[in-house]
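Taking it in order: structure first as structure tokens, then the write-up.
Number of protein chains: 2
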Amino acid sequence: MTESPLRILLVDDHPVVRHGLKAMFAEQPGMEVVAEAPDGRAALELLGGEEESRSGGGGGGADGASAGIDVVLMDLRMGGGMDGVSAIRRIVRLPSPPPVLVLTTYDSDADILAAVEAGATGYMLKDAPPDQLCEAVRSAAQGQTALAPDVANRLMDRLRSPRPALSGRELEILGLLARGMSNRAISRELFISEATVKTHLVHIFDKLGVDNRTAAITTALQRGIIRVE
Amino acid sequence: MTESPLRILLVDDHPVVRHGLKAMFAEQPGMEVVAEAPDGRAALELLGGEEESRSGGGGGGADGASAGIDVVLMDLRMGGGMDGVSAIRRIVRLPSPPPVLVLTTYDSDADILAAVEAGATGYMLKDAPPDQLCEAVRSAAQGQTALAPDVANRLMDRLRSPRPALSGRELEILGLLARGMSNRAISRELFISEATVKTHLVHIFDKLGVDNRTAAITTALQRGIIRVE
DNA sequence: GCCACGATCCACCGAACGGTTGATGACCCT
DNA sequence: AGGGTCATCAACCGTTCGGTGGATCGTGGC
Chain C
1 MTESPLRILL VDDHPVVRHG LKAMFAEQPG MEVVAEAPDG RAALELLGGE
51 EESRSGGGGG GADGASAGID VVLMDLRMGG GMDGVSAIRR IVRLPSPPPV
101 LVLTTYDSDA DILAAVEAGA TGYMLKDAPP DQLCEAVRSA AQGQTALAPD
151 VANRLMDRLR SPRPALSGRE LEILGLLARG MSNRAISREL FISEATVKTH
201 LVHIFDKLGV DNRTAAITTA LQRGIIRVE
Chain H
1001 MTESPLRILL VDDHPVVRHG LKAMFAEQPG MEVVAEAPDG RAALELLGGE
1051 EESRSGGGGG GADGASAGID VVLMDLRMGG GMDGVSAIRR IVRLPSPPPV
1101 LVLTTYDSDA DILAAVEAGA TGYMLKDAPP DQLCEAVRSA AQGQTALAPD
1151 VANRLMDRLR SPRPALSGRE LEILGLLARG MSNRAISREL FISEATVKTH
1201 LVHIFDKLGV DNRTAAITTA LQRGIIRVE
């Protein structure tokens, strides 16, 4: 149906993975890796999105933002450079943005939701078999959602039993909690009273379905609400 | 110097990564991927290590255990099948074991130490540039240690400021702690008194350099002493 | 305007936690 | 026999935490 091959932009900080995907797509008819980037920033530059300040232009070299890219394959959590989610958020704001298919190792709620909310067209895991991956890329290129089975299940679970979302302040306190800080220490850090910290904690425990701070940390980690490091 | 190419066994649960490594080594003269496995169990079978019970043999088909493999490239943390560390532990017990070079995403203390202690010849990270990787494979094939810079730094740090090791019981209690259990719950789980739990906790805090249970969990996670999931 | 929600604070109380000291038995190594 | 480590328990005490029931204030939506 389409005559020209799908032009793919790879964004992944692992040279090995980039190499593998490139080789994999090289074997597939109608798919071609035309660009690579080790992080979000480089990807945006390739897409012509780094020049946001140059508004109103349009007579530049590359025509438009898509810059000859039909689909972006994007890893999350890339060391050093721009985060995958931030990159997605920016890419979808480009004039005529290419669809972004996330390809990552992690399947935590936080990663999935952040990516989808940022505007990802699909979410695949790196342990997927090659043909599933190719199929997903083809779907994504046409703008259709492509989800790995595990990811789809997680989303369905979430819809079935919706978790109450933590407010911004609660997330902030949860983060400090996970650093091992006491209520008093948190209160001083945020310039609020200890009583307020306790109130927030009660709400956090409530929303997470736990009854003490250690359990709050571990369930938050499990659900990917917070992260170590 | 060596005339026949290095024969490599890849062990990784990600098809993409296997593909990438294969393509990468195909470009390198004197290196060749001759076998692949998605997990430790499959790797052992390829190496002829699944028949441990056949002791005293030696006149079988394949000569010895190495089965024509010069070096094993092994991921840790593979979904489903046998863990990478367990696989290494078994491989090095084979009659004439090939060197095992670990290639993984994670650089936590726990992973590195477990792998080295299990008998890994080297430890590289997946974000390493291809030529560094090839160099490491060559070194490993000759039985020489090959460490990624970050990994080497971590090990040196550890040697400079040796951490007191947690005892078995302390690790057990730390694990339960990280599940959000109270002292009383832990005591009931382990059939010991609450006083004993508290004593262990004091020792754990001491060794980790913290002063409360939440901080204990997070530093233990950071150092890779315990893991989420 | 009113209502919902989030963020802030207060007071009280019982339970849990953290720190200390001290003690016992088991085991291993020398 | 002695010294070291580990695991076990006890009593005590001050601090922190968790739970409850309030209260005020601002923002944003209907």
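Chains as they are written, first to last, in our numbering: chain C, 1 to 229; chain H, 1001 to 1229. A virtual CB, placed ideally from N, CA and C, is assigned to each residue, including glycine.
Would you check if the distance between the CB atom of V1072/H and the CB atom of I1008/H is smaller than 9 Å? The Cβ atoms of V1072/H and I1008/H sit closer than 9 Å to each other.
Should N1153/H go down as buried or exposed, given a rule of 16 or more other Cβ atoms within 10 Å for buried? exposed
Out of curiosity, what's the CA-to-CA distance linking F1191/H and G1175/H? For F1191/H and G1175/H, the distance between alpha carbons rounds to 16 Å.
Completely contained alpha helix (DSSP H) runs for the segment 1014-1043 of chain H, where each covers 4 or more residues: DSSP runs (the alpha helix (DSSP H)) wholly in the segment 1014-1043 of chain H: 1015-1027.
For a test of the three-state rule: what should DSSP assign to G1084/H, helix, strand or coil? helix
Return the CA-CA distance between P164/C and V116/C, expressed in angstroms with no decimal places. 18 Å
Using 9 Å as the limit for Cβ to Cβ distance, is H200/C near chain H? no
Which same chain residues, not among the five before or five after S53/C, have their C-beta less than 7 Å away from its C-beta? Any reading at S53/C must be qualified, since the residue scores a pLDDT of 40, below 50, and its modelled position is unreliable; the value itself is stated next. Cβ neighbours of S53/C beyond the five flanking positions: none.
Any chain H beta carbon closer than 9 Å to R154/C: no
Out of R1179/H, P1098/H and H1014/H, state which residue places its alpha-carbon closest to the alpha-carbon of L1046/H. P1098/H
DSSP-derived helix/strand/coil call for A1185/H: helix
Using DSSP with H/G/I as helix, E/B as strand and the rest coil, what is I1112/H? helix
So if I threshold CB-CB distances at 9 Å, which residues from the segment 202-223 of chain C count as touching chain H? Taking 9 Å as the upper bound on Cβ-Cβ separation, chain H lies near residues V210, D211, N212, R213, T214, A215, A216, I217, T218, T219, L221 and Q222 of the segment 202-223 of chain C.
Grouping DSSP H, G and I as helix and E and B as strand, with all else coil, what is L208/C? helix
Per DSSP, G1122/H forms a beta bridge with which residues? According to DSSP, G1122/H bridges with L1101/H and A1146/H.
Listing by chain order, which chain H residues have their CB less than 9 Å from the CB of P129/C? Here the neighbours are P1015.
Do you know how far the Cα of R1223/H is from the Cα of L1113/H? 11 Å
Buried or exposed: which applies to V1011/H, given that a residue is buried once 16 or more other Cβ atoms fall within 10 Å of its Cβ? buried
Please confirm whether L1103/H and K1126/H have their CB atoms less than 9 Å apart. yes
Distance between beta carbons of D1039/H and M1074/H, contact taken as under 8 Å: Contact between M1074/H and D1039/H does not hold, since the beta-carbon distance rounds to 10 Å and is not under 8 Å.
Let me make sure I understand the geometry here. Which of S1187/H, A1185/H, T1196/H and A1178/H has the alpha-carbon closest to that of N1212/H? It is A1178/H.
Kindly say whether I1225/H, judged by its beta-carbon, lies nearer than 9 Å to any beta-carbon of chain C. no
Three-state secondary structure assigned by DSSP to L1177/H: helix
Taking 9 Å as the threshold (C-beta atoms), are S139/C and A128/C in contact? no
Suppose the cutoff is 6 Å on Cβ atoms and the five residues either side in sequence are ignored; what does the same chain contact list for E1218/H look like? In the sequence as presented, Glu is not what sits at residue 1218/H; that position holds Thr. Once the five neighbours on either side are set aside, T1218/H has no close Cβ partner at all.
Please go through the same chain and pick out, in chain order, the residues whose beta-carbon is closer than 6 Å to the beta-carbon of D1109/H, but skip the five residues on each side of it. R1223 and G1224
Between Q233/C and G30/C, what straight-line distance do the alpha-carbon atoms span, to the nearest angstrom? Because residue 233/C is not part of the residues shown, which for chain C are 1 to 229, the question remains open.
If we define contact as Cβ-Cβ less than 9 Å, is G57/C a contact residue for chain H? No answer about G57/C holds up, because its pLDDT of 36 lies below 50 and its placement is not dependable.
Here's the rule: buried if 16 or more other CB atoms are within 10 angstroms of the residue's CB, otherwise exposed. What is T199/C? exposed
For M1074/H, does the three-state DSSP call read helix, strand or coil? strand
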